[in-house]
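Enquirer: Just add 47 to the spot in the sequence shown (first one is 1) and you have the numbering used here.
Got a structure for you, questions after.
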Amino acid sequence: MTNPDYQAMSDAELRDWVRYHPQDTEAFHLLMDRLDQRPKVITRTEEEFEAELRKRIGQEATQ
Numbered sequence: 048m049t050n051p052d053y054q055a056m057s058d059a060e061l062r063d064w065v066r067y068h069p070q071d072t073e074a075f076h077l078l079m080d081r082l083d084q085r086p087k088v089i090t091r092t093e094e095e096f097e098a099e100l101r102k103r104i105g106q107e108a109t110q
């Protein structure tokens, strides 16, 4: 079996790889590192949370 090139995988491909190969700790750690590097959004009120949620839903609908 050949080793996959994790660096060449998109986040979605790597997530799927980890989902179907749960024993692959190297891929899991790389995915967690990628997720940790994403910008964090902190909301302090329900209104901020709802606004952020609407913004994200709108972005997904356009993709």
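Every residue gets a Cβ at the ideal spot worked out from N, C-alpha and C, and that includes glycine.
All values reported here derive from a predicted model rather than from experimental measurement.
Pull up the distance between the alpha-carbon of N50 and that of H76, whole angstroms please.
Expert: Along the sequence shown, read from residue 1 onward, the residue named residue 50 stands at position 3. Along the sequence shown, read from residue 1 onward, the residue named residue 76 stands at position 29. One C-alpha to the other measures close to 15 Å.
Enquirer: Please state the DSSP three-state secondary structure of I104.
Expert: Walking along the sequence shown from the start, residue 104 turns up at place 57. In this structure, I104 counts as helix in the three-state DSSP scheme.
Enquirer: So, are the CB atoms of V65 and D58 less than 8 Å apart?
Expert: Stepping through the sequence shown from its first residue, residue 65 is reached at position 18. Stepping through the sequence shown from its first residue, residue 58 is reached at position 11. No; because the gap between Cβ atoms is not below 8 Å, this pair is not in contact.
Enquirer: Hey, could you find the ends of the alpha helix (DSSP H) D71 is sitting in?
Expert: As a working mapping, residue 71 is identified with position 24 in the sequence shown. No alpha helix (DSSP H) holds D71; DSSP gives it neither H nor E.
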